[in-house]
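Working notes for the structure below.
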Amino acid sequence: MSRIMIIAGETSGDLHGGMLVRELRKLDPSLEIYGIGGENMQAAGMELVYHIREFSFMGFVEVLAHLPFIRSVFKKLEELLVNRKPDLLVLIDYPGFNLRFGRIAKRRGIDVVYYISPQVWAWGKRRVRLIRRLVKKMLVILPFEERFYQRLKVPAKYVGNPLRDTVKPSLEKEKFCRQHGLNPRKPLVGLLPGSRRQEVEKILPVMLQACQLLHGGDQNIQFGLGVAPHVDRQYINQQLDKCKINVAVIENQTYDLMAHSRLALVASGTATLETGLAGTPMIIIYKTNPLSFIIGKFLVKLPFIGLVNLVAGKKVVPEFLQREARPGAILLMAQMLMAEGPPRQAVISELARIPQILGESGAARRAAEETLECLTGSKG
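Every number in our numbering is 10 more than the matching position in the sequence shown, counting from 1.
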């Protein structure tokens, strides 16, 4: 029986990891799969050593505060490399942690596959040298990443983007709205403030203030808040209690919220690409610890922060970052994108290109096939 250890550190990694584990099990039901993940990976048949909710911190400053916990996790995982030696280690995104642990595994003679690349094309090429030494194969989900890695002599394969399989509403608009006390004939604004506590605490208050202003100008507008499974509900409820408008709290129906909203306010991250695939105009909002932002701005060499804009190769939707993310500024852009007219239609037309850029569905299956091919090579 073959063993695979998989490490995903956040919600989007768990989503993709769940699909990967499911496909691996279809191809080889005898596999023993264990590691770090969330509900999706566990439901697909992976044994959780740690849950991703224990890793819901972000930014340079926040990571420093959690160093004792991170050290204890490394120690436990290194023990597993000895006591339950995996035949293959699969890393999913989460580069600060995964690249460090990948080095430990490589030193112990364990082959490493990386599914969903760290954004080294953003952070500069220093990490590519490490990846070249470390990784048997990169399985990438953005078309430009394959060319980027191959140019730098890293074995890479574009397997497609798993969001092509997942981003689709499960309910018709009428039924979705009825479930949440919304009127299907009135415009809906979706709020997607992220999944990690630090980003929700920075971004949600700004979103709610902008929505209050929006509602002041048009009381027909309704609001829905998409809540990630392990977000602190007490904090969410506190913010909503302070708010002077009604906001429907929507769990486990994020894609319905994206698809049925006239406009979405979205935290920078995977959700921007998901909203783009749903074809819904959006405003990207990003706020973090000021020191983390300054360090990140110094290191990151990108024209945009939103993944949907990076995939499109141009600024298709507006981005409001740090001090730019003011309720009044967001209000003016929101009013423009909600109104019928050239600005809204231009965004819709550009978003319609995103599925074609990403290519065919079936990414998780292709990733599982590539993973098993690497597993066979490691054992051979």
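Even for Gly, the Cβ is constructed at its ideal location relative to N, Cα and C.
All of these numbers come straight from a predicted model, not from anything done at the bench.
Comparing alpha-carbon positions, the option among M29, R161 and A53 lying closest to P172 turns out to be M29.
Unbroken beta strand (DSSP E) runs of no fewer than 3 residues, entirely contained in the segment 98 to 140, are found at 98 to 102 and 121 to 125, following chain order.
Each residue's CA atom was taken as its position, placing P96 and I295 some 40 Å apart.
Every alpha helix (DSSP H) stretch that sits fully inside the segment 139 to 211 and reaches 4 residues is listed by chain position as 153 to 161, 173 to 176 and 183 to 189. For Q232, the secondary structure class from DSSP, reduced to helix, strand or coil, is strand. Three or more beta-carbon pairs separated by less than 8 Å link the segment 187 to 205 to the segment 275 to 282, which places the two stretches in contact. The DSSP-derived three-state label of I315 is coil.
With contacts defined by Cβ atoms closer than 8 Å, G372 and D175 form a contacting pair.
With 16 or more other Cβ atoms from the protein chains shown falling within 10 Å of its own Cβ, K212 counts as buried.
Counting only residues of its own chain and dropping the five nearest sequence neighbours on each side, D242 has a CB closer than 7 Å to the CB of R207.
Taking the CA atoms as reference points, E383 sits about 38 Å from E209. One thing to note: L331 has its Cβ no nearer than 8 Å to the Cβ of L283. In the DSSP assignment, H61 falls within the unbroken beta strand (DSSP E) covering E57 to H61. With respect to the 8 Å criterion, V321 and P291 are not classified as neighbours on the basis of their beta carbons.
DSSP places R13 in the uninterrupted beta strand (DSSP E) bounded by R13 to A18. Under the three-state reduction of DSSP, V327 is assigned to coil, being neither helix nor strand.
DSSP, read as helix, strand or coil, puts I255 in coil. Secondary structure at L41: coil, using DSSP grouped into helix, strand and coil. Judged by DSSP in its simplified three-state form, A277 adopts strand. The three-state reading of DSSP puts V241 in coil, since its state is none of H, G, I, E or B. Taking each of V83, R143 and A238 in turn and checking the Cα distance to R117, the smallest one comes out for R143.
In the assembly as shown, N108 is a buried residue. Its beta-carbon has 16 or more other beta-carbons within 10 Å.
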